[in-house]
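To start, the structure under review is shown below, and the notes come after it.
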Amino acid sequence: MTTEALSAPARKPAFLTRLVEGRAVPVLMVSLAILILWYLGAVYMNADLQIDQFERQKVEWTTADLVRGTLSQERPLLPAPHQILAEMWKTIFEVRPTSKRSLIYHSSVTLSSTLLGFAIGSLLGILLAVGIVEARTLDKSLLPWIISSQTIPILAIAPMIIVVLGSIGLKGLVPKSIISTYLCFFPVAIGMVKGLRSPDLLQMDLMRTYSATRWQLFRMLRWPSAVPFLFASLKIAIAISLVGAIVGELPTGAQAGLGARLLAGSYYGQTIQIWSALITASILAACLVALVGLVERIVLRAMGMRE
Amino acid sequence: MEDTAPAEVTQGLEREGAGRRPVVEIRNLSLTFSTRDGPVHALKDIDLEIEAGDFVSLIGPSGCGKTTLLRTIADLEQPTGGSILVNGVSPQEARLARAYGYIFQAAALYPWRTIERNVTLPLEIMGLPAAERAERARRYLDLVNLAGFERKYPWQLSGGMQQRASIARALSFDPALLLMDEPFGALDEIVRDHLNEQLLGLWNKTEKTVVFVTHSIPEAVFLSSRIVVMSPRPGRIIDVISCDFPRDRTLDIRETPAFLEIAHRVREGLRAGHSYDD
Numbered sequence: 004m005t006t007e008a009l010s011a012p013a014r015k016p017a018f019l020t021r022l023v024e025g026r027a028v029p030v031l032m033v034s035l036a037i038l039i040l041w042y043l044g045a046v047y048m049n050a051d052l053q054i055d056q057f058e059r060q061k062v063e064w065t066t067a068d069l070v071r072g073t074l075s076q077e078r079p080l081l082p083a084p085h086q087i088l089a090e091m092w093k094t095i096f097e098v099r100p101t102s103k104r105s106l107i108y109h110s111s112v113t114l115s116s117t118l119l120g121f122a123i124g125s126l127l128g129i130l131l132a133v134g135i136v137e138a139r140t141l142d143k144s145l146l147p148w149i150i151s152s153q154t155i156p157i158l159a160i161a162p163m164i165i166v167v168l169g170s171i172g173l174k175g176l177v178p179k180s181i182i183s184t185y186l187c188f189f190p191v192a193i194g195m196v197k198g199l200r201s202p203d204l205l206q207m208d209l210m211r212t213y214s215a216t217r218w219q220l221f222r223m224l225r226w227p228s229a230v231p232f233l234f235a236s237l238k239i240a241i242a243i244s245l246v247g248a249i250v251g252e253l254p255t256g257a258q259a260g261l262g263a264r265l266l267a268g269s270y271y272g273q274t275i276q277i278w279s280a281l282i283t284a285s286i287l288a289a290c291l292v293a294l295v296g297l298v299e300r301i302v303l304r305a306m307g308m309r310e
Numbered sequence: 065m066e067d068t069a070p071a072e073v074t075q076g077l078e079r080e081g082a083g084r085r086p087v088v089e090i091r092n093l094s095l096t097f098s099t100r101d102g103p104v105h106a107l108k109d110i111d112l113e114i115e116a117g118d119f120v121s122l123i124g125p126s127g128c129g130k131t132t133l134l135r136t137i138a139d140l141e142q143p144t145g146g147s148i149l150v151n152g153v154s155p156q157e158a159r160l161a162r163a164y165g166y167i168f169q170a171a172a173l174y175p176w177r178t179i180e181r182n183v184t185l186p187l188e189i190m191g192l193p194a195a196e197r198a199e200r201a202r203r204y205l206d207l208v209n210l211a212g213f214e215r216k217y218p219w220q221l222s223g224g225m226q227q228r229a230s231i232a233r234a235l236s237f238d239p240a241l242l243l244m245d246e247p248f249g250a251l252d253e254i255v256r257d258h259l260n261e262q263l264l265g266l267w268n269k270t271e272k273t274v275v276f277v278t279h280s281i282p283e284a285v286f287l288s289s290r291i292v293v294m295s296p297r298p299g300r301i302i303d304v305i306s307c308d309f310p311r312d313r314t315l316d317i318r319e320t321p322a323f324l325e326i327a328h329r330v331r332e333g334l335r336a337g338h339s340y341d342d
C-alpha cells in the first residue's frame with residue numbers, strides 16, 4: 004500500500020496521503036508487531052503445559068497441533084489475544100449488564116469510584132495549590148508533606164485505609180474513592196502551583212499598575228494562566244485515579260469492580276478473565292484521558308488559545 | 065525623607081501659584097539594588113520636574129536606569145533615597161488613585177482575552193458597568209485605528225497592532241499621565257514612525273502628560289517637549305533639553321536644521337555622560 008501510494012504521487016488520494024504522512028501507519032505497524040510478539044510468546048509460554056497434556060492423553064501430535072493447542076487452552080499462562088477478545092465480547096455484549104459476570108457491571112463500579120475520587124482529588128489539589136501560591140507559610144509547610152505523601156507505596160497504604168474506614172462504618176464506594184483521591188490530588192496540586200505562578204513579571208506589573216486586589220489578580224490573571232496546566236495535570240490524574248480505584252478493590256475482597264474481577268481471576272487461575280479485566284481497564288483509562296483531552300480542547304478554544 | 069516631603073509641597077505651591085503644580089516632582093532621588101554581587105547604583109541624585117501637558121523623553125544607553133526611573137514614578141520600584149511626588153502625593157497613593165496608565169516594552173496583552181476585553185481589563189478592575197466598558201473600548205480602539213478587531217485574539221494581530229491595543233488599554237480609563245517604557249522598541253522603523261505620529265496626534269488632542277523612555281535620538285527629538293539625557297550607571301541626569309517644535313509637528317521636521325541641532329545636542333550629552341565609552 005505504501006509503495007503503491009509512492010509510485011503514483013500525482014493521483015494519490017487525500018486520505019492515503021494523510022494515512023502515510025499521519026500517525027495511523029506507524030501506530031498500526033507497532034500494533035501489528037506487538038500482536039505478532041504476543042502470539043509467539045503465547046505459543047512459547049504455553050508449550051510445556053500443552054506437551055504435558057498431549058503426553059497424559061497419550062496422543063500423537065504435530066507442530067500444528069501444538070500451536071493450535073497452545074492458543075486455545077482454558078487456563079493458559081499467557082492467553083492469546085483472540086481468546087481475550089472472545090472473553091471480552093462474551094462478558095460485555097452477551098450477558099445482562101447488571102449480571103455479576105458482566106464487565107460492564109464491574110467497569111461501572113470501578114468507574115463510579117474513579118470519578119468520585121477524581122472529582123474530590125482534583126478539587127483538593129486545586130485548593131492546596133491556591134493555598135500554596137497565596138500564603139507564604141503554606142508554601143513552606145505544606146509542599147514537603149505533599150511530596151512525601153507520594154513516596155509511600157499505595158499498595159502498602161491502601162489496605163490500611165480500607166480497614167480503618169471500614170471500622171468506622173465506611174464501606175464500598177467512599178474508601179475506594181479516597182485511595183483515588185490520594186493518588187490524583189498530587190499531580191493536580193503540583194501542576195496548579197506551577198500554573199498559578201506562570202504569569203510573567205510584565206503581566207503581574209500590569210495588574211499592579213491598576214491597583215488590582217488579590218482576588219482580581221487571581222481571577223483575571225493567575226487562574227486563566229493556570230488553565231492549560233490544569234488540563235495537563237487532569238489527564239494524569241484521571242488515569243491514576245482509575246489505578247487507585249482498582250488498587251482499592253484488591254485488599255477488600257470486594258465483590259464488584261475490575262479489581263475484584265482481577266483478584267477472583269487470580270484465585271481461580273482464570274488468566275483469560277484477568278487479562279480481559281486488564282484490557283478493559285486500560286481501554287477505560289484511554290477513554291477517560293481522551294474525554295479530558297476533548298474538554299481541554301473545547302475550553303482552550305473558548306479561551307482563544309492558539310491550537 | 066518623610067519630613068522633607070510636605071515642605072517641598074508648600075514650596076512647589078508658592079512657586080507655581082494657585083493649583084498649578086508639577087505632575088511629577090523628583091528631589092535628590094537615588095535607588096540602589098542590593099544584589100548577590102553587591103549593591104548596584106541604578107539611580108543617583110535625580111532632580112526632575114514634569115509639568116502638566118509635558119512630553120518628556122528619558123534617553124540614555126541601555127542599563128542607564130531610565131526604565132527604573134519610570135518604574136519608580138509608577139510605584140513599581142521603591143527609591144532608597146530622596147523624594148518623589150506624583151500629583152502631589154506619594155507614588156503609591158497615586159497608583160492606588162489610578163493616576164497613570166503604564167505602557168510596557170511588550171504589549172502584555174492577556175492571550176485568553178479578546179482585544180476588546182484586553183482594553184476593558186482596567187475598566188473591569190475599576191468596576192465600570194458593562195455598557196460603559198463597551199462604549200470606551202469602541203472609542204479607544206477607534207482612536208488607535210483598531211476598529212473591527214474587537215473580537216480578535218492577540219495572537220491574530222501583528223506586533224504593532226498589539227502595541228496599539230495596549231495603548232488603547234492604557235487610555236481606556238483616561239489617566240492624565242501616561243508612562244511609556246520604550247513602547248515601540250521592538251517594532252520596525254516604518255511601523256514606529258507611524259505610531260510616533262499617532263502618539264503625537266493623541267498627545268496634542270488630549271493634552272495628557274507623557275513620560276517616554278527611549279534610546280532612539282530621532283524618536284526622542286521628534287516626540288518631546290523636553291528631553292532628559294541620562295548617563296550609564298549610576299543613572300544621573302546629564303542634560304535637560306527643551307524642544308520647542310509646534311505640538312502638531314509632522315515627520316517632515318526631522319529634515320530641518322533645528323531638529324538636527326537638537327539631535328546633535330542630545331548626542332553631545334550622551335557623549336559627555338560616557339555613553340559611547342566601552
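Protein chains in written order, with the numbering used here: chain Z, 4 to 310; chain G, 65 to 342.
Note that beta-carbon positions come from the ideal geometry of N, C-alpha and C, so glycine has one too.
What you are looking at is a predicted structure, and each value in this text was computed from that prediction instead of being measured.
Measuring only the C-alpha atoms, how far is residue 162/Z from residue 244/Z?
Locating residue 162/Z in the first sequence gives position 159, counting from the first residue. Locating residue 244/Z in the first sequence gives position 241, counting from the first residue. For residue 162/Z and residue 244/Z, the distance between alpha carbons rounds to 16 Å.
Within 7 Å (strictly less), CB to CB, does residue 306/Z reach chain G?
The residue given as residue 306/Z occupies position 303 in the first sequence. Chain G contact via Cβ: present.
Tell whether a beta-carbon distance below 7 Å holds between residue 327/G and residue 281/G.
Indexing the second sequence from 1 puts residue 327/G at position 263. Indexing the second sequence from 1 puts residue 281/G at position 217. Contact: yes.
Identify, in the order they occur along the chain, each residue of the same chain with its Cβ nearer than 8 Å to the Cβ of residue 110/G, setting aside the five sequence neighbours on each side.
Looking up residue 110/G in the second sequence gives position 46. Cβ-Cβ distances below 8 Å link residue 110/G to 90, 92, 93, 94, 133, 146, 299, 300, 301 in the same chain, with the five nearest sequence neighbours on each side left out; the list follows chain order.
Considering Cα atoms alone, identify which of 293/G, 103/G, 185/G is closest to residue 360/Z.
Limits of chain Z in this structure are 4 at one end and 310 at the other, which puts residue 360/Z out of reach.
Is any non-hydrogen atom of the ligand FMN found closer than 6 Å to the C-beta of residue 132/Z, if you look at the structure I gave you?
No copy of the ligand FMN appears in this structure; indeed no ligand is present at all.
At a Cβ threshold of 7 Å, is residue 301/Z touching chain G?
Locating residue 301/Z in the first sequence gives position 298, counting from the first residue. Not closer than 7 Å to any Cβ of chain G, the Cβ of residue 301/Z fails to qualify, so no.
Find the residues of chain G that neighbour residue 142/Z, judging by a C-beta separation of less than 7 Å, and give them in chain order.
Within the first sequence, the letter at position 139 stands for residue 142/Z. Correct list: empty, because the minimum Cβ distance to chain G is about 22 Å.
When the cut-off is 7 Å and only beta carbons count, does residue 215/Z lie next to chain G?
The sequence position of residue 215/Z within the first sequence is 212, counting from 1. Under the 7 Å criterion on CB atoms, residue 215/Z is classed as interfacial with respect to chain G.
Of all the options 297/G, 318/G, 168/G, 285/G, which has the alpha carbon lying nearest to the alpha carbon of residue 305/G?
The sequence position of residue 305/G within the second sequence is 241, counting from 1. Looking at the Cα atoms, 285/G is the closest of the given residues.
With 7 Å set as the bound, which would you pick, yes or no: does the beta-carbon of residue 204/G sit closer than that to a beta-carbon of chain Z?
In the second sequence, residue 204/G corresponds to position 140, counting from 1. No, because no Cβ of chain Z sits closer than 7 Å to the Cβ of residue 204/G.
Three-state secondary structure (DSSP) of residue 302/G
One-based indexing of the second sequence puts residue 302/G at position 238. Of the three classes helix, strand and coil, the one that applies to residue 302/G here is strand, per DSSP.
Please confirm if residue 199/Z has its CB atom under 7 Å from at least one CB of chain G.
In the first sequence, the residue the question calls residue 199/Z occupies position 196. Residue 199/Z does not count as touching chain G.
Distance, residue 295/G Cα to residue 231/G Cα
Counted from its first residue, the second sequence places residue 231/G at position 167. Counted from its first residue, the second sequence places residue 295/G at position 231. Roughly 28 Å between the two C-alpha positions.
Residue 142/Z in three-state terms, based on DSSP:
Locating residue 142/Z in the first sequence gives position 139, where the first residue counts as 1. In the structure shown, the three-state DSSP call for residue 142/Z is helix.
Drop a sphere of 10 angstroms on the beta-carbon of residue 141/G, count the other beta-carbons inside from all chains shown, and report buried for 16 or more, exposed for fewer.
For the purposes of this step, residue 141/G is taken as residue 77 along the second sequence, with counting starting at 1. Counting Cβ neighbours within 10 Å, residue 141/G comes out buried, since at least 16 surround it.
Kindly indicate the opening and closing residues of the alpha helix (DSSP H) around residue 205/G.
Against the second sequence, residue 205/G aligns to sequence position 141. Residue 205/G -> alpha helix (DSSP H) spans 194-207.
Check whether the Cβ atoms of residue 106/G and residue 87/G sit closer than 7 Å, and answer yes or no.
As a position in the second sequence, residue 106/G is number 42, starting the count at 1. As a position in the second sequence, residue 87/G is number 23, starting the count at 1. No, these two residues do not count as a Cβ contact at 7 Å.
So the candidates are 46/Z, 85/Z, 84/Z; which of them puts its Cα closest to the Cα of residue 70/Z?
Working through the first sequence from its first residue, we reach residue 70/Z at position 67. Minimum Cα-Cα distance from residue 70/Z among the listed residues 46/Z, 85/Z, 84/Z corresponds to 46/Z.
Report, in whole angstroms, the separation of the C-beta atoms of residue 49/Z and residue 81/Z, which I expect to be a contact under 8 Å.
Walking along the first sequence from the start, residue 49/Z turns up at place 46. Walking along the first sequence from the start, residue 81/Z turns up at place 78. Taking a contact as a CB-CB distance under 8 Å, the pair residue 49/Z and residue 81/Z counts as one, their CB atoms being some 6 Å apart.
Give me the Cα-Cα distance between residue 216/G and residue 84/Z, rounded to the nearest whole angstrom.
Locating residue 216/G in the second sequence gives position 152, where the first residue counts as 1. Locating residue 84/Z in the first sequence gives position 81, where the first residue counts as 1. The straight-line gap separating the alpha-carbon atoms of residue 216/G and residue 84/Z is approximately 51 Å.
Taking residue 189/G as the reference, give the member of 333/G, 85/G, 275/G, 236/G with the closest Cα.
Looking up residue 189/G in the second sequence gives position 125. Proximity to residue 189/G across 333/G, 85/G, 275/G, 236/G peaks at 236/G, based on C-alpha coordinates.
Find out if the Cβ-Cβ distance for the pair residue 30/Z, residue 132/Z is shorter than 7 Å.
Stepping through the first sequence from its first residue, residue 30/Z is reached at position 27. Stepping through the first sequence from its first residue, residue 132/Z is reached at position 129. Contact flag unset, no.
On the three-state DSSP scale, how would you describe residue 3/Z?
Because chain Z here runs from 4 to 310, residue 3/Z falls outside it and cannot be looked at.
Cα-Cα separation, residue 118/G to residue 267/G:
As a working note, residue 118/G is residue 54 in the second sequence. As a working note, residue 267/G is residue 203 in the second sequence. Distance between the alpha carbons of residue 118/G and residue 267/G: 9 Å.
Count the other CB atoms within 10 Å of the CB of residue 246/G; is the residue buried (16 or more) or exposed (fewer)?
Taking the second sequence and counting its residues from 1, the one referred to as residue 246/G is at position 182. Burial call: buried.
Buried versus exposed call for residue 70/G [16 or more other C-beta atoms within 10 Å across all chains shown]:
On the second sequence, position 6 is the one that residue 70/G refers to. Any answer about residue 70/G is weak, because its pLDDT of 43 lies below 50 and its placement is not dependable; what the coordinates show is given next. So residue 70/G ends up on the exposed side.
Give me, in chain order, the residues of the same chain whose beta-carbon lies closer than 8 Å to that of residue 306/Z; leave out the 5 immediate sequence neighbours on both sides.
The residue given as residue 306/Z occupies position 303 in the first sequence. The beta carbon of residue 306/Z sits closer than 8 Å to those of 227, 230, all from its chain and outside the five residues before and after it, given in chain order.
Based on the DSSP secondary-structure assignment, which residues constitute the bridge partners of residue 278/G?
Working through the second sequence from its first residue, we reach residue 278/G at position 214. In DSSP, residue 278/G forms a bridge with 123/G.
Residue 33/Z to residue 74/Z span [Cα, whole Å]
Working through the first sequence from its first residue, we reach residue 33/Z at position 30. Working through the first sequence from its first residue, we reach residue 74/Z at position 71. Computed Cα separation, rounded: 22 Å.
Apart from the five residues on each side of it in sequence, which residues of its chain come closer than 7 Å, Cβ to Cβ, to residue 294/Z?
To locate residue 294/Z, count along the first sequence from 1; it is residue 291. Close CB contacts of residue 294/Z within its chain, under the 7 Å cut and outside five residues either way in sequence, are absent.
Here's the rule: buried if 16 or more other CB atoms are within 10 angstroms of the residue's CB, otherwise exposed. What is residue 216/Z?
Start at 1 with the first residue of the first sequence, and residue 216/Z comes out as number 213. Looking at its Cβ environment, which holds fewer than 16 other Cβ atoms inside 10 Å, residue 216/Z is exposed.
Any chance the region 146-165 of chain Z sits against the region 91-107 of chain Z, with 3 or more Cβ pairs inside 8 Å?
Too few Cβ pairs lie closer than 8 Å, so no.
Whole-angstrom C-beta distance between residue 113/Z and residue 252/Z, which should lie under 8 Å:
By 1-based counting over the first sequence, the position of residue 252/Z is 249. By 1-based counting over the first sequence, the position of residue 113/Z is 110. About 7 Å separates the beta carbons of residue 252/Z and residue 113/Z, which is inside the 8 Å limit, making them a contact pair.
Taking just the CA atoms, how far does residue 197/G sit from residue 122/G?
By one-based count along the second sequence, residue 122/G stands at place 58. By one-based count along the second sequence, residue 197/G stands at place 133. Between residue 122/G and residue 197/G, the C-alpha separation is close to 33 Å.
Comparing the C-beta of residue 336/G with each C-beta of chain Z, is any distance below 7 Å?
Locating residue 336/G in the second sequence gives position 272, where the first residue counts as 1. Put simply, the CB of residue 336/G is far from chain Z, with every gap to its CB atoms at 7 Å or more.
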